[in-house]
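A quick write-up on the structure given underneath.
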Amino acid sequence: MSQKLAILDAGAQYGKVIDRRVRELKVESDILPLTTPTHELKKYRAFIISGGPESVYGEQAPKYNPEIFSLGKPILGICYGLQLMNYVHGGTVLKKNKREDGPCRITINADSPLFQNLAPTQDVLMTHGDSADQVATSFKVTGDSDGLVAAIENPKKKMYGVQFHPEVDLTLHGKDILSNFLFSIAGFKGDFTMADREQLAVEYIQKTVGEQQVLLLISGGVDSTVCAALLGKALKPQQLHLVHIDHGFMRKNESAEVKKALSTFGLHVKVIDASDTFFNATTIMNGSISEKLSEATNAEVKRHIIGNTFIEVAKKAIADLDLDPDTTFLAQGTLRPDLIESASDKASSNAQKIKTHHNDSPLVRELRDKGRVVEPLQEYHKDEVRILGKQLGLPDEIVWRQPFPGPGLAIRTLCATKPYLEKYDRTYKKLQAFTTDQIAVTLLPVQTVGVQGDGRTYSYAVGLSGQSEWSTLRELALEIPKTIHDVNRVVYIFGEKISSPVKEITPTTLSESVVDQLRAADSIVNQILLKYDLMRSLSQVPVILLPLHFGHEGARSIAIRTFITNDFMTGVPALPGKEMPLEAVNEMVTRILEEVPGIARVMYDLTSKPPGTTEWE
Ligand code: XMP
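One point on numbering: in the numbering used here, the residue at position 339 of the sequence shown is 356, and numbering is uninterrupted.
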């Protein structure tokens, strides 16, 4: 049964207001002409017939489809709507030459389903134009305004009429009356919110920006893409500048896909290929110049360089576009949780660190202080943004895209020029307590980020190998970091059992060929996620490149990190055979080993957060 209301428009001054009120009550509505054909009308659950300036007897009286009244659907007639309802059922209308609307105190019959829970006298905005004279015999009068008919009803036919405007503020309990009609009489669920909110977002953009220019940096993620589509709806094409900075760490085809999806909206995205700039960029850390990004190994240094370079490239884009840096607005797809998180900076240093460079960079802060940042999604949560995106007509591939960190594949490539071996032998020995006939437990000479207590730690990953049930492996993954605090993460390594310590790595920094390796593996994983319809059930699936060759010199390894969470503060891996189909896992492993050159092993991350963060660094 439809959950939509049709507002049948008789030329009402307040038609839009009815629509707005109904949507505020979370009921989806369309405004349609009174002549709407029956097959269209049947798609709606109920009707409101609006007011209008004409008389039912007049030559100009709006034409209407008489079937409106014989479909058995609940109807609320407002002003002209009441008169039409009365007239159609055999009543008469008292004609006046002039109309005047004004506040009025009326008395109502509180037994009427339309007026339930209301006091017997009500302040309303009344229409002093035509009014019902003789009321149709099947109807009874339920409201009186100084001897004039203020309300009628035929509850059996679910038809109600009011001579006043329940939709305006001057009718103090108008919203209650509309609620009674929509929920008790028509039985709407009241679960529609997005369309009204879209309109509100559009109005907010127009009001904030006026005639100024707007720059939006498109990352390729859901948020900025939906933001672009909204801005496109709210602004004139010449006001909007969409820029996508390709830093060289995007996923396969990502930049092209975003450009294409938005072009179907008539929105042009300027793609700036800045990968050379990024690979060669440096930054000042602790008073000295860092190494180039392509040589950096420390995760924080990589993030810092990327964050700063973003700002530099964006500034240059503003200049290249001839935008006035003093009046141009910066638009951002900041979500409600982002704002909540950045407001709680002090409480959560992790959140702050994660968000610093893109939604809250120095440039952004500067502009925000000047009131020149426009953030139309700030009332939205991720799931709502997806609904809105869908509503705006964006394709599923974009709407269901999983979150992707601003620095992209750069922070999913674990960089190191030498193995991490701090207290290696001692820790390796301790781990052997978990070894069984079936399972080998190996300390991996890399550092990965974890959260233990209140802080981030940067320490070991452990690999399990051999044959075992996934549930046993998962138990070990829970147990090991609890006992051995130098371990942040536990993975299962597919393939042969690894029975001796691993103390060598393939030196790895951010070169184009290294990133290409990860990009290829990431693309395979994402194709399989789509194939098995796992994009929605798994919150995020980072694919990580590790500098581990396991005896195949020069090779590297891939870790698949499935993650299920609501808020990214905590979460669990998807267990193969449970939240993750075994065939999907096997297909990922086989295809990565076959199709990506130079991959020694594939691993499956079995760590919760805590102790292991979503990303590996
Ligand atoms: P962690 O790894 O802290 O990640 O559990 C939580 C969420 O934040 C994302 N993330 C980032 N997003 N820039 C971003 O824009 C970053 O530097 C960054 N680091 C982590 C991560 O993908 C996850 O969704």
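Yeah, the Cβ is synthetic: ideal placement off N, Cα and C, and Gly gets one too.
Asked	Found
Can we say the stretch 598-615 touches the stretch 460-478, given the rule of at least three CB pairs closer than 8 Å?	no
In the DSSP output, which residue or residues are listed as bridge partners for Met211?	In DSSP, Met211 forms no bridge with anything.
What are the partner residues of Gly480, as DSSP defines its beta bridges?	Thr459, Val508
Going straight from the alpha carbon of Thr345 to that of Gln223, what length do you get?	14 Å
Which residues bound the alpha helix (DSSP H) around Val105?	97-105
Say whether the stretch 23-39 touches the stretch 103-113, bearing in mind that this needs 3 or more beta-carbon pairs closer than 8 Å, one atom from each stretch.	no
In angstroms, rounded to a whole number, what distance separates the CA positions of Arg320 and Pro50?	57 Å
Buried or exposed: which applies to Gln100, given that a residue is buried once 16 or more other Cβ atoms fall within 10 Å of its Cβ?	buried
Which residues share a DSSP beta bridge with Gly178?	Gly94, Ile169
What do you reckon, are the CB atoms on Leu493 and Phe451 nearer than 9 Å?	yes
One question on the structure: do Leu248 and Pro120 come within less than 9 Å of each other, judged by their Cβ atoms?	no
What residue range is occupied by the uninterrupted alpha helix (DSSP H) comprising Thr489?	487-500
In this structure, does DSSP put Cys8 in helix, strand or coil?	With the chain covering 18 to 634 only, the question about residue 8 has no answer from this structure.
Give me the Cβ distance between His261 and Val288, rounded to the nearest whole Å; I'm assuming they're in contact under 8 Å.	5 Å
Report yes or no: do three or more beta-carbon pairs, one from the stretch 547-563 and one from the stretch 435-453, lie closer than 8 Å?	no
Check each candidate in Asp442, Arg506, Pro462, Ser485 and name the one with the smallest Cα separation from His566.	Pro462
Within the same chain, show all residues whose beta-carbon is closer than 7 Å to that of Leu490, passing over the 5 residues directly before and after it, in chain order.	Leu481, Tyr509, Leu623
Give me, in chain order, the residues of the same chain whose beta-carbon lies closer than 8 Å to that of Thr631; leave out the 5 immediate sequence neighbours on both sides.	Gln557, Pro559, Arg578, Phe580, Thr582, Phe585, Gly588
Indicate whether Val619 and Phe511 have their beta-carbon atoms separated by less than 9 Å.	yes
Please classify Glu439 as buried or exposed, where buried requires at least 16 neighbouring CB atoms within 10 angstroms.	exposed
Just checking Phe421 against ligand 1 - is the residue's beta carbon closer than 8 Å to any of the ligand's heavy atoms?	yes
Which residues share a DSSP beta bridge with Ser305?	Met302
I want to know whether the stretch 126-137 touches the stretch 224-241 - three or more CB-CB distances under 8 Å.	no
Spatial neighbours of Val166 within its chain, please: C-beta separation below 7 Å, excluding the five flanking residues on both sides.	Ser148, Ala149, Val152, Val158, Gln180
My output table needs one value for Ser67: the three-state DSSP class, helix, strand or coil.	coil
Can you give me the Cβ contacts of Glu317 inside the same chain, cut-off strictly under 6 Å, excluding the 5 residues immediately before and after it?	none
Which partner residues does His566 have in the DSSP bridge list?	His566 is not bridged to any residue.
Mind checking which residues open and close the alpha helix (DSSP H) that includes Gly406?	399-409
Tell me whether Gly160 sits in a helix, a strand or coil according to DSSP, three-state version.	strand
Let's test the definition: count the other Cβ atoms within 10 Å of the Cβ of Pro628 and tell me whether it reaches 16, buried, or not, exposed.	buried
Would you report the Cα separation of Asn270 and Lys277, rounded to the nearest angstrom?	10 Å
Identify the continuous beta strand (DSSP E) that holds Leu248 and give its terminal residues.	Where Leu248 is concerned, there is no enclosing beta strand (DSSP E), although the alpha helix (DSSP H) it sits in stretches over 239-251.
Taking Arg608 as part of the alpha helix (DSSP H), name the residues at either end of that continuous run.	599-612
Which residue from Thr154, Gly94, Gly406 puts its Cα closest to that of Ala246?	Gly406
Can you pull the DSSP bridge partners for Glu45?	Lys21
Are at least three pairs of beta-carbons, each pair with one atom in the stretch 57-74 and one in the stretch 202-213, less than 8 Å apart?	yes
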